[in-house]
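Beneath this line is the structure, given in structure tokens, with notes to follow.
2 protein chains.
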Amino acid sequence: MRAAVYHGPEDIRVEDVEDPELDSPRGAVVRVTHTAVCGSDLWFYRGRSDRDAPSPVGHEPMGIVEEVGEKVRSVEPGDRVFAPFVISCGSCEYCRKGLHTSCVNGDSWGGDNGGAQGELVRCPHADGTLVRVPDRHADDEDTLEALLPLTDVMGTGHHAAVNAGVEAGSTCAVVGDGAVGLCGVLAARRLGAERIIAVGHHEDRLEIAEEFGATDLVTERGEEAIERVNEMTKGGVNHVLECVGATSAMETATGVCRPGGTVGYVGVPHGMGDGLDLHEFFGNNISLRGGVAPVRAYADELMADVLQGTLDPSPVFTKTVDLDGVPEGYAAMDDREAVKVLVKP
Amino acid sequence: MRAAVYHGPEDIRVEDVEDPELDSPRGAVVRVTHTAVCGSDLWFYRGRSDRDAPSPVGHEPMGIVEEVGEKVRSVEPGDRVFAPFVISCGSCEYCRKGLHTSCVNGDSWGGDNGGAQGELVRCPHADGTLVRVPDRHADDEDTLEALLPLTDVMGTGHHAAVNAGVEAGSTCAVVGDGAVGLCGVLAARRLGAERIIAVGHHEDRLEIAEEFGATDLVTERGEEAIERVNEMTKGGVNHVLECVGATSAMETATGVCRPGGTVGYVGVPHGMGDGLDLHEFFGNNISLRGGVAPVRAYADELMADVLQGTLDPSPVFTKTVDLDGVPEGYAAMDDREAVKVLVKP
Chain A
1 MRAAVYHGPE DIRVEDVEDP ELDSPRGAVV RVTHTAVCGS DLWFYRGRSD
51 RDAPSPVGHE PMGIVEEVGE KVRSVEPGDR VFAPFVISCG SCEYCRKGLH
101 TSCVNGDSWG GDNGGAQGEL VRCPHADGTL VRVPDRHADD EDTLEALLPL
151 TDVMGTGHHA AVNAGVEAGS TCAVVGDGAV GLCGVLAARR LGAERIIAVG
201 HHEDRLEIAE EFGATDLVTE RGEEAIERVN EMTKGGVNHV LECVGATSAM
251 ETATGVCRPG GTVGYVGVPH GMGDGLDLHE FFGNNISLRG GVAPVRAYAD
301 ELMADVLQGT LDPSPVFTKT VDLDGVPEGY AAMDDREAVK VLVKP
Chain B
1 MRAAVYHGPE DIRVEDVEDP ELDSPRGAVV RVTHTAVCGS DLWFYRGRSD
51 RDAPSPVGHE PMGIVEEVGE KVRSVEPGDR VFAPFVISCG SCEYCRKGLH
101 TSCVNGDSWG GDNGGAQGEL VRCPHADGTL VRVPDRHADD EDTLEALLPL
151 TDVMGTGHHA AVNAGVEAGS TCAVVGDGAV GLCGVLAARR LGAERIIAVG
201 HHEDRLEIAE EFGATDLVTE RGEEAIERVN EMTKGGVNHV LECVGATSAM
251 ETATGVCRPG GTVGYVGVPH GMGDGLDLHE FFGNNISLRG GVAPVRAYAD
301 ELMADVLQGT LDPSPVFTKT VDLDGVPEGY AAMDDREAVK VLVKP
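Chains as they are written, first to last, in the UniProt record's numbering: chain A, 1 to 345; chain B, 1 to 345.
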């Protein structure tokens, strides 16, 4: 098959690789029809995180089931499915409590499973991982593009909102205007937040935030952003979604959080030097909740909303490429020309 | 009056100082009958935190009201009262929501208010700060000694337990066997925890932990302690009380916390170098909650238990001194000869 392969920083090539093969009774092979480039892919692309080279890339697969193992019950060949960025068994303690990212049998895309930015992937735990799109919606392109973000960014934004404690009537702030931050705005609106303050630096992205339900936009940086939000809210908000992961974003999140409030964080911590300064958290009794998002836990609930037409995160896709266009997709995201790139292999 | 005064590291002197005087209609002056030396006092005593010298010390006052301002309603001269380590107004947004440590009119003991390790203190917000002991119990020495820890360590241990999410039937771990850790054990038992694993290094203190309700004692350090607890609990506990504040204690707390669990922390963060490593929190979706304890919020509830005889944290006092003995009290705590020192001026 053909697949995008990482060869080193800024060096993604689309080339022929071996097909991943079904090798377990609970597994499945899926022909990828839709996938995406993720903000987190930029870490290795920019050389800021280590990754073996060569290695297949992509972790947001949607496609048609080609083949299943004999013990698979929930999907059959021909089904349209999508899958979270983490592979989970669906039956261990953590999967049962909705923390699929801590699955004791967990696995990841890439390696022998194949990357999602390729023609085929193998999922070793089909029942616990793959989410079947009902037949009625399985070939509707708009629906599929609205469902695709549930593989990662939409579930992640939702995790931030849930962990920040957003509920009907809440006032909240969303730090970050990347795809996850935008989905955080959408998630907060869906949970009934009354006032949603989006903090970001890019006009085009903040326009999407407004479309997604942000009631206030803050474009200042650092201390100025903190002062602005605290002025607007008479001292900060009780619910903050930290959707970046950088030290500066965490500082902004803490700075706009009201004493006794909660920061829900989902950005992979990076650039924090030796760690997080706890003093402001401690002195103000600010809770820090969240982590890597168990998006499988949210998939059914969010899919129901997409299918009934009340949730559509697809505007985060501002560019579409085919498989050969994957390297161009990485470059566009690296240059911030695209918020998120949709790939149709 | 006579009072203990900090003159520099390891230099506490009891000397004549000016009496604090009533200077506001909402204030009160209290003659201190009972107070204590706190583990947090050791930070300046050991020269590890800055403090002006000379300055009066002590922040856990209990005594008899001498004089009140004309607007004070809840206490009168002659009343037995105790007060939290933070002075709060009782009527701002944060006091009303039980976060008295973020009081917008907050103040602290020491300075012109006088330190609690002295004969008199002035409380500028009597109604919002002082807790009146009912007359029936006001002169019962055993009761007073059981109430005194509510000024700080008992409320702090309770804050750790509440923030760790301990409830009836919980299995929890308490990291630290100082007075706060021991009170954390007591608080967890009071909240109905079924299994309480106390992690500490001092046999005499762990004996108190056992008396307070610890069901398991772990005396190993670092990685060995983590392995031991994880072995005992098949992978960690959902509720961890971090009652120290040092990096090593936070690492132990994180290490014994089950994925998706919560660390309730109340130890003033120190010795963390440049900050807290978030990666384990992030990867395992461990929540971090807590901070400086609003012990005023818990005073009435905990006092009710003390008065009905179902709560007695006084065993944390393993040494008693008079005012002249305060320097000796500091030395005893510094040498770990005493868990906590009771002072009767």
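We treat Cβ as the ideally placed atom computed from N, Cα and C, and that holds for glycine.
Considering only A/R13, A/K71, A/E337, A/T252, the residue with the shortest C-alpha distance to A/G58 is A/R13. For A/V218, the enclosing beta strand (DSSP E) starts and ends at 216–218. Under the three-state reduction of DSSP output, A/I197 falls in the strand class. When DSSP states are grouped into helix, strand and coil, B/S102 belongs to the helix group. With respect to A/V292, B/N285 sits close: the two C-beta atoms are nearer than 8 Å. Cβ neighbours of B/D334 within its own chain (closer than 8 Å, five residues either side excluded): E10, L42, Y45, R46. Against chain B, the beta carbon of A/R296 has no neighbour under 9 Å; the closest one sits roughly 13 Å away. Residue pairing by DSSP puts A/H239 in a beta bridge opposite A/C172, A/T262. Only exposed fits A/E211, as fewer than 16 other CB atoms lie within 10 angstroms of its CB. Taking each of B/G69, B/E242, B/T35, B/D312 in turn and checking the Cα distance to B/A3, the smallest one comes out for B/T35. The beta carbon of A/G275 falls within 8 Å of a beta carbon belonging to chain B, placing the residue at that interface. In terms of beta-carbon proximity, A/K97 lines the interface with chain B, with at least one pair separated by less than 8 Å. At a C-beta separation below 9 Å, B/T101 has these neighbours in chain A: P259, G283, N284, N285.
At least one CB of chain A lies nearer than 8 Å to the CB of B/Y94.
With a minimum length of 3 residues, the unbroken runs of beta strand (DSSP E) contained wholly in the region 82–129 of chain B fall at 120–123. The beta carbons of B/V153 and B/V175 sit about 15 Å from each other, so the pair does not count as a contact at 8 Å. Against chain B, the beta carbon of A/H279 has neighbours under 7 Å at P269, listed in chain order. Listed in chain order, the non-local C-beta contacts of B/C38 below 7 Å within the same chain comprise H59, E60, D152, local neighbours out to five positions each way being set aside.
By the Cβ neighbour-count rule, A/H125 is buried, with 16 or more other Cβ atoms within 10 Å of its own.
Exposure of B/E203 is indicated by the presence of fewer than 16 other C-beta atoms within 10 angstroms of its C-beta. If you ignore the 5 residues before and after A/R258, its C-beta comes within less than 7 Å of the C-beta of G235, G236, V237, N238, all in its own chain and listed in chain order. Using beta-carbon distances, A/V292 counts as an interface residue toward chain B, with a partner under 8 Å.
The alpha-carbon separation between A/S170 and A/H7 amounts to approximately 46 Å. Ranked by how close their Cα comes to the Cα of A/A53, the residues A/G110, A/L323, A/E67 have A/G110 in first place. For A/L147, no CB of chain B lies under 8 Å from its own CB, so it is not counted at the interface with that chain. Burial is judged here by how many other beta carbons sit within 10 angstroms of a residue's own beta carbon; A/P20 has at least 16 and is buried. Listed in chain order, the non-local C-beta contacts of B/L148 below 8 Å within the same chain comprise H34, T35, A36, E60, M62, F82, S314, F317, L342, local neighbours out to five positions each way being set aside. One thing to note: A/R289 has its Cβ within 8 Å of the Cβ of A/G264. Taking CB atoms only, A/R195 has no neighbour in chain B less than 8 Å away. Within chain A, the residues whose beta carbon sits less than 7 Å from that of B/R289 are S287, listed in sequence order. B/M1 has its alpha-carbon roughly 6 Å from the corresponding atom of B/E18. When C-alpha distances from A/I64 are compared across A/A253, A/L186, A/C95, A/L130, the shortest belongs to A/L130. If the five residues before and after B/A299 are omitted, its C-beta is found closer than 6 Å to the C-beta atoms of V131, L150, all from its own chain and listed in chain order. Leaving aside the five residues that flank B/M303 on each side, the residues in its chain whose CB is nearer than 8 Å to its CB run, in chain order, V131, V133, L147, L150.
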